[in-house]
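Here the structure comes first, spelled out in structure tokens, and everything after it is commentary.
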Amino acid sequence: MRVLLTGGAGYIGSHTALVLLDHGHEVVVLDDFSNSSREAVRRVEELSGSRVPVIEVDLADRERALAALADVEFDAAIHCAGLKAVGESVAQPSRYYRVNLDSTLTLLDVMRERGVSKLVFSSSATVYGDPAYVPQDEQHQVGVGLTNPYGWSKFMNEQIIRDAQAAWPELGAVLLRYFNPVGAHPSGRIGEDPSGIPNNLMPFIAQVAVGVRERLSVFGDTYPTPDGTGVRDYIHVMDLAEGHVAALERIEAGVVSYNLGSGTGSSVLDVVSAFEAASGRPIPYDVVPPRPGDVAEVVANPAKANTELDWRTTRSLADACRDTWAWQSANPSGYGA
Ligand code: WQD
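Note that the sequence shown ends on residue 341 in the numbering used here; no numbers are left out.
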């Protein structure tokens, strides 16, 4: 299939582009490069040996996006474009709602107009809010007790897609609820390149290991977990990318959600130890008070995706640390200026 991959220059997008190409699909990247680099697309071309056309536009700018897509043929869309920093969303709610919702509304209008009826949406375990039970399956309540506009925008986008499908029964949409994506392509040529101070644990640890940051702050060690630090389900980005292709190739009319996670929880200190083993570098840290909004444990029950998509994670936390280190040590400044 010829896939329009929005946000295709980003962390998830670039790895998904590579797996799509490896599976024989064609990829057209749409990105405004507000939080990503053209170099990522160039390296995807280098790794795949394929050309990847790029449409540089803000998908939330309806007029410009419609004009930019006027002559672009595609059979399906994978929608990764959006703002994703939890803390930033609290400070800039209108920007987050406008960008994250308008981009989806524009994409759905273009797809309906062109009769493109296959959509994979980059959703998040954040839609579950505080876990009522762990591990979480897709039956877990959603849209209750969400604590930030980023999470609400993911939940609202899921609703927007359900309503679009109710009005257009031919639409087939898959909502992929990511747990904690980590790692990089084993070549070390593409990886996570957050702008500014990383919000997420793995990129922060990688920057400590490579010397860009001094010390890690561990956000609390009094949670009801084995070592007191927060437990999360870290999924290798290559497994995540493969989950997108598995979903795309099985799309049927209707809307279905899947958890993309390993089903295994790892604590902050587990990640620190794993990264020290992978990099051979010490990760000095200080324990500080818990981060507001954090919960003790978030772990996926991935059984539905395992069964219905015939997909499961195959890479470990150690693999993710090894591959993150390969990326970070070869690219200390990310994709660079
Ligand atoms: C992981 C653990 C922190 C940083 C968020 C979003 C989620 C998704 C993934 C987009 C927690 C601890 C972290 C640090 C720390 N994003 N931590 N020191 O919060 O589970 O999920 O990112 O889809 O939607 O909510 O990920 O990596 O920020 O935190 O101790 O410097 O590491 O307390 O226990 P999180 P995270």
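Using N, Cα and C, we set each Cβ at its ideal position, and we do this for glycine too.
Predicted model, so just to flag it, every value in this text is computed and none were measured.
The closest CA to that of Ile255, considering only Gly232, Lys122, Asp134, is found on Lys122.
Looking at the backbone, the Cα of Asn184 and that of Ser271 are separated by about 12 Å.
Across the structure, Glu67 and Arg166 are spaced so that their CA atoms are roughly 24 Å apart. Taking all protein chains in view, the Cβ of Pro336 is surrounded by fewer than 16 other Cβ atoms within 10 Å, so the residue is classified as exposed. Rounded to whole angstroms, Glu174 and Asp225 show a C-alpha spacing of 49 Å. Look at Arg219: its beta carbon is at least 7 Å from all of the heavy atoms in the ligand WQD. DSSP, reduced to helix, strand and coil, places Ser54 outside both helices and strands of the structure shown, so it counts as coil. A distance below 7 Å between beta-carbons, with the five flanking residues on each side excluded, links Asn203 to the following residues of its chain, in chain order: Ala89, Val90, Gly91. Exclusion of the five residues before and after Arg236 leaves Asn184, Val302 as the residues of its chain whose Cβ lies within less than 6 Å of its Cβ. Look at Ser191 here: in three-state DSSP terms it is coil, with no helix or strand label. Not one heavy atom of the ligand WQD falls within 7 Å of the beta-carbon of Arg118. With a cutoff of 8 Å on beta-carbon distance, Val114 and Leu150 are scored as not near each other. At least one heavy atom of the ligand WQD is found less than 7 Å from the C-beta of Asp298. Ranked by Cα distance from Ala85, the first of Asp62, Asn310, Gln96 is Asp62.
Taking a 10 Å sphere around the C-beta of Asp231, we find fewer than 16 other C-beta atoms and assign the residue as exposed.
Here Thr10 is near Leu34, since their CB atoms are less than 8 Å apart. When secondary structure is reduced to three states using DSSP, Val303 falls in the coil class, being assigned neither helix nor strand.
Residue state for Gly265 is assigned as coil, using DSSP reduced to three classes. With fewer than 16 other beta carbons inside 10 angstroms of its own, Gly119 counts as exposed.
For Val7, the enclosing beta strand (DSSP E) stretches over residues 6-10. Relative to the ligand WQD, Arg181 has its C-beta separated by 7 Å or more from all heavy atoms.
Distances from the CB of Ser107 to the heavy atoms of the ligand WQD are all 7 Å or more. Gly338 is the residue among Leu111, Arg46, Gly338, His19 whose C-alpha sits nearest the C-alpha of Pro198.
Rounded to whole angstroms, the separation of the alpha carbons of Phe279 and Trp329 is 8 Å.
For the pair Arg55 and Ser127, the CB atoms are not nearer than the 8 Å cut-off.
If you ignore the 5 residues before and after Pro306, its C-beta comes within less than 6 Å of the C-beta of Asn263, Gly265, Gly267, all in its own chain and listed in chain order.
Around the CB of Asp327, 16 or more other CB atoms lie within 10 Å, so the residue is classed as buried. Residues Leu123, Phe125, Ile165, Gln169, Val259 of the same chain have their beta carbon placed closer than 7 Å to that of Ala177, with the five preceding and five following residues left out of the count.
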